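Peer 1: The structure under discussion is supplied below as structure tokens; questions concerning it will follow.
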Amino acid sequence: MSQNEHDSDLDPTTGEPATDNPLQSELETLRNELDQLRASFLLERADLENQRKRLARDVEMARKFANERLLGELLPVFDSLDAGLTAAGSEASPLRDGLDLTYKQLLKVAADNGLSVIDPTGQPFNPEQHQAISQTDAAGVAPGSVVQVFQKGYVLNDRLLRPALVVVAKHD
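Each residue of the sequence shown is one higher than the one before, counting from 1 in the UniProt record's numbering.
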């Protein structure tokens, strides 16, 4: 077949293969439909993968914070045990030892479920985890540092459950 004969198979206006043959035209139509179906399939597949990832992320978040309400309701119990230990003083007694053991066991169970205590005494004030209730002049303490903790704060899996109530050293 010569170059001229090959060129005669092309449509002179578009430069594409001539569509005189109905089978050729139908083949092109089917190829276009196939390309559209492939693109649609890839789009649907990507959408399905995104939904799967979103669902997995939602399930993980639900798992991490499923016990948030229960642990939040236990915070006053932690506060009461902490206050009881403070009131009992530092002298060893069966009551104080039992209270201390109970407090440590409760803290361990809470920690195993993602709860951690914020006790920032001596640390710089952090407004994301601490709530300042007053300021005071404190000798020998860096300005902006936490001088006293009135109520410990708690974090559940890196999410603040309750800020620590603190007194902060004044800036000069």
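Backbone N, C-alpha and C fix where the C-beta goes; we use that ideal spot for every residue, glycine too.
Small disclaimer: the values here were computed from a predicted structure and weren't measured.
At the level of alpha carbons, what is the spacing between residue 139 and residue 120?
Peer 2: Here residue 139 corresponds to residue number 139 of the sequence shown, with the count starting at 1. Here residue 120 corresponds to residue number 120 of the sequence shown, with the count starting at 1. Taking the Cα positions, residue 139 is about 18 Å away from residue 120.
Peer 1: Look at residue 156 and residue 65 and say whether their C-beta atoms are less than 9 Å apart.
Peer 2: Locating residue 156 in the sequence shown gives position 156, where the first residue counts as 1. Locating residue 65 in the sequence shown gives position 65, where the first residue counts as 1. With a cutoff of 9 Å on beta-carbon distance, residue 156 and residue 65 are scored as near each other.
Peer 1: Span of the alpha helix (DSSP H) holding residue 93?
Peer 2: As a working note, residue 93 is residue 93 in the sequence shown. Premise fails: residue 93 is in no alpha helix (DSSP H) and is neither H nor E.
Peer 1: Distance, Cα to Cα, residue 89 vs residue 159?
Peer 2: In the sequence shown, residue 89 corresponds to position 89, counting from 1. In the sequence shown, residue 159 corresponds to position 159, counting from 1. Spanning the two alpha carbons is a distance of roughly 33 Å.
Peer 1: Report the residue from 171, 170, 169, 150 whose alpha carbon sits nearest the alpha carbon of residue 163.
Peer 2: Residue 163 sits at position 163 when you count from the first residue of the sequence shown. Among 171, 170, 169, 150, the Cα nearest to that of residue 163 belongs to 150.
Peer 1: Unbroken alpha helix (DSSP H) runs of length 4 or more, entirely within the segment 60-148: which are they?
Peer 2: Fully enclosed alpha helix (DSSP H) runs of 4 or longer: 68-88, 94-112.
Peer 1: Specify the secondary structure class of residue 5 as computed by DSSP and reduced to three states.
Peer 2: In the sequence shown, the residue the question calls residue 5 occupies position 5. For residue 5, the pLDDT reaches just 47, beneath the cut-off of 50, and the residue's location in the model is therefore unreliable, although a value from the coordinates is still provided. Residue 5: helix per DSSP, three-state reduction.
Peer 1: Determine the closest residue to residue 123 out of 113, 166, 86, 59, with distance taken between C-alpha atoms.
Peer 2: Along the sequence shown, one-based indexing puts residue 123 at 123. For the residues 113, 166, 86, 59, the minimum Cα distance to residue 123 belongs to 166.
Peer 1: Can you give me the C-alpha to C-alpha distance between residue 80 and residue 86, rounded to a whole angstrom?
Peer 2: Against the sequence shown, residue 80 aligns to sequence position 80. Against the sequence shown, residue 86 aligns to sequence position 86. Near 10 Å, if we compare the C-alpha coordinates of residue 86 and residue 80.
Peer 1: Please report the distance separating the alpha-carbon of residue 95 from that of residue 112.
Peer 2: Here residue 95 corresponds to residue number 95 of the sequence shown, with the count starting at 1. Here residue 112 corresponds to residue number 112 of the sequence shown, with the count starting at 1. Near 26 Å, if we compare the C-alpha coordinates of residue 112 and residue 95.
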